[in-house]
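**Q** If you scroll down you'll find the structure; I have some questions about it.
There are 2 protein chains.
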Amino acid sequence: MEQRIEPQSGSAFILKRGQRLKVIDPMGQQVSDMVLFNAHDIKEKISSGKTLDFEENLLITNGNYLWSNRSNKMMKIIQDTNGRNDFLLAPCSPETFKIMYNHNSYHPSCFENLIKNLSKYEIEADDIPTAFNIFMNVQFKDTGELTVKPPLSSAGDYVVFEALMDLVVGLTACSAEMSNGGSFKPIDYHIIN
Amino acid sequence: MEQRIEPQSGSAFILKRGQRLKVIDPMGQQVSDMVLFNAHDIKEKISSGKTLDFEENLLITNGNYLWSNRSNKMMKIIQDTNGRNDFLLAPCSPETFKIMYNHNSYHPSCFENLIKNLSKYEIEADDIPTAFNIFMNVQFKDTGELTVKPPLSSAGDYVVFEALMDLVVGLTACSAEMSNGGSFKPIDYHIIN
Numbered sequence: 011m012e013q014r015i016e017p018q019s020g021s022a023f024i025l026k027r028g029q030r031l032k033v034i035d036p037m038g039q040q041v042s043d044m045v046l047f048n049a050h051d052i053k054e055k056i057s058s059g060k061t062l063d064f065e066e067n068l069l070i071t072n073g074n075y076l077w078s079n080r081s082n083k084m085m086k087i088i089q090d091t092n093g094r095n096d097f098l099l100a101p102c103s104p105e106t107f108k109i110m111y112n113h114n115s116y117h118p119s120c121f122e123n124l125i126k127n128l129s130k131y132e133i134e135a136d137d138i139p140t141a142f143n144i145f146m147n148v149q150f151k152d153t154g155e156l157t158v159k160p161p162l163s164s165a166g167d168y169v170v171f172e173a174l175m176d177l178v179v180g181l182t183a184c185s186a187e188m189s190n191g192g193s194f195k196p197i198d199y200h201i202i203n
Numbered sequence: 011m012e013q014r015i016e017p018q019s020g021s022a023f024i025l026k027r028g029q030r031l032k033v034i035d036p037m038g039q040q041v042s043d044m045v046l047f048n049a050h051d052i053k054e055k056i057s058s059g060k061t062l063d064f065e066e067n068l069l070i071t072n073g074n075y076l077w078s079n080r081s082n083k084m085m086k087i088i089q090d091t092n093g094r095n096d097f098l099l100a101p102c103s104p105e106t107f108k109i110m111y112n113h114n115s116y117h118p119s120c121f122e123n124l125i126k127n128l129s130k131y132e133i134e135a136d137d138i139p140t141a142f143n144i145f146m147n148v149q150f151k152d153t154g155e156l157t158v159k160p161p162l163s164s165a166g167d168y169v170v171f172e173a174l175m176d177l178v179v180g181l182t183a184c185s186a187e188m189s190n191g192g193s194f195k196p197i198d199y200h201i202i203n
């Protein structure tokens, strides 16, 4: 059954080894930050550094694996109808809006939404790693310059992940204006047995 | 006084706020992996995701800051005579040599050398984040493809960092053939008050 993550919010759930997770952008141009933990030992978690190293590519998509800090495969990407994701940038946090966007009042963020939803698994703020940012469109130049552009995803684009171990998954509908083409939309997901 | 890190080994030490750390490649083409922790609370540590986000660049060099997972500045880069460093790839670990290089017997690694030296500060394997890889030359293509090339550093090249908080620093002379032009050399460092 399809679940909806409302705009600027998040979810956390168990995904068993062998189950598949389909993450859908129902309206287009909406990012979803995903973090992963070993369900039996939350000190093992998704690692950008290990994934970029083993996959030898900045752009992680169909056919690539998501690796843990302990060099184990956590997920395989089975389908990716959009093809552009980011694994460089940390989840947007209260400080992102203050430091990068000079926004001084309260602003929802992926970081807060991850903590709020993952707390039931005893995962705390300092445990949150760099997320795999589904549909996020971060462009890089030869000079290394990074620019956050609107996602290339259209309504209905999706990515399917297969779990290679029992996982705790944290998932958001991203809260940052810059990352989502200026408006906040929901994210849908579906666990397939 | 200059300290020497012997080939394929590591070191860990305290760097006080305001002190500077000079990391020198004495023979050329030698990488040094560096990790940072808040000396008063080791759950705060260097973050690739936060640094790439706030600095808006893949190539971190002179003038850039190294940020923590809590969005605080840990260090500023004051001088960089080489100019090429990496902040994408995880420290080489026993699994790196097994998975990427089909090397099945014991091989020294930055990961092991970091753990060994940081254990006196009660920092454990799972606490080690993606390191700032000084002098490491990781090339990226428009397609995202990553290639580890020999460092561009010549004998005597150095990077100077200023500590912006009291830090525990872990530092290595990297153990991976591919990252160091095929031979293992020492790394020198110097704490400047």
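Residue numbers (the numbering used here), protein chains in the order written: chain S, 11 to 203; chain D, 11 to 203.
Think of the CB as a built atom: it goes at the ideal place given N, C-alpha and C, for glycine as much as any other residue.
Helix, strand or coil for residue 145/D per DSSP?
**A** Along the second sequence, one-based indexing puts residue 145/D at 135. If DSSP states are grouped into helix, strand and coil, residue 145/D belongs with coil.
**Q** Does the beta-carbon distance from residue 123/S to residue 185/S come in below 8 Å?
**A** Translated into positions along the first sequence, residue 123/S becomes position 113. Translated into positions along the first sequence, residue 185/S becomes position 175. The answer is yes: Cβ separation under 8 Å.
**Q** Of all Cβ atoms in chain D, is any one closer than 8 Å to the Cβ of residue 96/S?
**A** Within the first sequence, residue 96/S is the residue found at index 86, counting from 1. Judged by the 8 Å Cβ criterion, residue 96/S is not in contact with chain D.
**Q** Taking the beta strand (DSSP E) that residue 198/D falls in, what are its first and last residues?
**A** Within the second sequence, the letter at position 188 stands for residue 198/D. Taken as a continuous stretch (DSSP letters only), the beta strand (DSSP E) holding residue 198/D covers 197-202.
**Q** Which residues does DSSP list as the beta-bridge partners of residue 21/D?
**A** Position 11 of the second sequence holds residue 21/D. According to DSSP, residue 21/D bridges with 181/D.
**Q** I need the DSSP call for residue 150/D, collapsed to helix, strand or coil.
**A** By one-based count along the second sequence, residue 150/D stands at place 140. If DSSP states are grouped into helix, strand and coil, residue 150/D belongs with the strands.
**Q** Buried or exposed: residue 39/D, going by 16 or more other Cβ atoms within 10 Å of its Cβ?
**A** The count along the second sequence starts at 1 and reaches residue 39/D at position 29. Looking at its Cβ environment, which holds 16 or more other Cβ atoms inside 10 Å, residue 39/D is buried.
**Q** What number of angstroms, rounded off, separates the C-alpha of residue 26/D from the C-alpha of residue 171/D?
**A** Within the second sequence, numbered from 1, the residue matching residue 26/D stands at position 16. Within the second sequence, numbered from 1, the residue matching residue 171/D stands at position 161. Whole-angstrom Cα-Cα distance: 12 Å.
**Q** Can you name, in chain order, every residue of its own chain whose Cβ lies under 7 Å from the Cβ of residue 83/D, other than the five neighbours on each side?
**A** Position 73 of the second sequence, counting from 1, holds the residue named residue 83/D. Here the set comprises 75, 77 and 174.
**Q** Excluding the 5 residues flanking residue 52/S on each side, which residues of the same chain have their C-beta closer than 6 Å to its C-beta?
**A** Taking the first residue of the first sequence as position 1, residue 52/S is located at position 42. Excluding positions up to five away in sequence, the list reads 133.
**Q** Is it true that the CB of residue 12/S sits closer than 8 Å to the CB of residue 200/S?
**A** Locating residue 200/S in the first sequence gives position 190, counting from the first residue. Locating residue 12/S in the first sequence gives position 2, counting from the first residue. The answer is yes: Cβ separation under 8 Å.
**Q** Look up residue 44/S in the DSSP assignment and give the residues it is bridged to.
**A** Here the question's residue 44/S lines up with position 34 in the first sequence. Answer is 142/S and 181/S.
**Q** Candidates 93/S, 68/S and 95/S: which alpha carbon is nearest residue 97/D's?
**A** By 1-based counting over the second sequence, the position of residue 97/D is 87. When only C-alpha atoms are compared, the closest one is 68/S.
**Q** Which residues in the same chain have their Cβ closer than 8 Å to the Cβ of residue 165/S, if we skip the five residues on either side of it in sequence?
**A** Against the first sequence, residue 165/S aligns to sequence position 155. Within the same chain, residue 165/S has close Cβ partners 35, 36, 37 and 38.
**Q** For residue 90/D, collect the residues of the same chain with a Cβ closer than 6 Å to its Cβ; drop the 5 residues on either side in sequence, then sort them by chain order.
**A** As a working mapping, residue 90/D is identified with position 80 in the second sequence. Around residue 90/D: 71, 72 and 169.
**Q** Going by DSSP, name the residue or residues bridged to residue 167/S.
**A** Translated into the one-based positions of the first sequence, residue 167/S becomes position 157. Note: residue 167/S sits in a beta bridge opposite 35/S.
**Q** Name the residues in the region 30-60 of chain S whose C-beta lies less than 8 Å from a C-beta of chain D; which are they?
**A** Answer set for the region 30-60 of chain S: 53, 54, 57, 58, 59 and 60.
**Q** Name the residues in the region 98-117 of chain D whose C-beta lies less than 9 Å from a C-beta of chain S; which are they?
**A** Those residues of the region 98-117 of chain D that come within reach of chain S (Cβ to Cβ, closer than 9 Å) are 98, 99, 100, 101, 102, 103, 104, 105, 106, 108, 109 and 110.
**Q** Anything in chain S within Cβ reach of residue 155/D, meaning under 9 Å, just list it in chain order.
**A** As a first step, residue 155/D is located in the second sequence; it is residue number 145 there, counting from the start. Chain S residues near residue 155/D: 66, 67, 68 and 69.
**Q** How is the beta strand (DSSP E) around residue 63/S delimited, first residue to last?
**A** Residue 63/S sits at position 53 when you count from the first residue of the first sequence. From DSSP, residue 63/S is part of no beta strand (DSSP E) but of the alpha helix (DSSP H) over 58-65.
**Q** Rounded to whole angstroms, what is the Cα-Cα separation between residue 23/S and residue 21/D?
**A** Walking along the first sequence from the start, residue 23/S turns up at place 13. Walking along the second sequence from the start, residue 21/D turns up at place 11. Cα-Cα distance, rounded: 40 Å.
**Q** Within 10 angstroms of its Cβ, does residue 65/D collect 16 or more other Cβ (buried), or is it exposed?
**A** Sequence index remark: in the second sequence, residue 65/D carries index 55 (1-based). With 16 or more Cβ atoms within 10 Å of its Cβ, residue 65/D is classed as buried.
**Q** When you compare the CB of residue 171/S with every CB in chain D, is at least one pair closer than 8 Å?
**A** Translated into the one-based positions of the first sequence, residue 171/S becomes position 161. No, residue 171/S lies away from the interface with chain D (no Cβ there is under 8 Å from its Cβ).
**Q** In this structure, does DSSP put residue 26/D in helix, strand or coil?
**A** Counted from its first residue, the second sequence places residue 26/D at position 16. Coil at residue 26/D, not helix or strand.
**Q** Going along chain D in order, which residues have a C-beta closer than 9 Å to the C-beta of residue 123/S?
**A** On the first sequence, residue 123/S is found 113 positions in, with the first residue counted as 1. Correct list: empty, because the minimum Cβ distance to chain D is about 16 Å.
**Q** For residue 235/D, count neighbouring C-beta atoms within 10 Å of its own C-beta (all shown protein chains included) and say buried if the count is 16 or more, exposed if not.
**A** Nothing about residue 235/D can be read from this structure; chain D reaches only from 11 to 203.
**Q** For residue 143/D, count the other beta carbons within 10 Å of its own beta carbon; 16 or more makes it buried, fewer makes it exposed. Which is it?
**A** Here residue 143/D is taken as the residue at index 133 of the second sequence, counted from 1. Classification for residue 143/D: buried.
**Q** Would residue 182/S be called buried (16 or more neighbouring beta carbons within 10 Å of its own) or exposed?
**A** Start at 1 with the first residue of the first sequence, and residue 182/S comes out as number 172. Classification for residue 182/S: buried.
**Q** Determine the chain S residues that contact residue 177/D at a beta-carbon separation under 8 Å, and present them in chain order.
**A** As a working mapping, residue 177/D is identified with position 167 in the second sequence. What residue 177/D touches in chain S: nothing, since even the nearest Cβ is about 17 Å away.
**Q** Could you have a look at residue 173/D and say whether DSSP puts it in helix, strand or coil?
**A** Locating residue 173/D in the second sequence gives position 163, where the first residue counts as 1. Of the three classes helix, strand and coil, the one that applies to residue 173/D here is strand, per DSSP.
**Q** Taking residue 81/D as the query, report the chain S residues whose CB atoms sit under 7 Å from its CB, ordered along the chain.
**A** Counted from its first residue, the second sequence places residue 81/D at position 71. Within 7 Å Cβ-Cβ: 103, 105 and 109.
**Q** In its own chain, which residues sit with a C-beta less than 8 Å from the C-beta of residue 161/S, not counting the 5 before and 5 after it?
**A** Looking up residue 161/S in the first sequence gives position 151. 35, 38, 39, 40, 41, 92, 94, 145, 146, 147, 189, 190 and 191.
**Q** Have a look at residue 6/D and residue 31/D and give me their C-alpha separation to the nearest angstrom.
**A** The question about residue 6/D has no answer, for chain D in this structure spans 11 to 203.
**Q** Quick check on DSSP: helix, strand or coil for residue 124/S?
**A** As a first step, residue 124/S is located in the first sequence; it is residue number 114 there, counting from the start. Helix, per DSSP.
**Q** Chain S beta carbons: is any one of them nearer than 8 Å to that of residue 63/D?
**A** Position 53 of the second sequence, counted from the start, is the residue given in the question as residue 63/D. Yes, contact with chain S.
**Q** Tell whether a beta-carbon distance below 8 Å holds between residue 59/D and residue 99/S.
**A** Here residue 59/D refers to the residue found at position 49 of the second sequence. Here residue 99/S refers to the residue found at position 89 of the first sequence. Yes, they are a contact pair.
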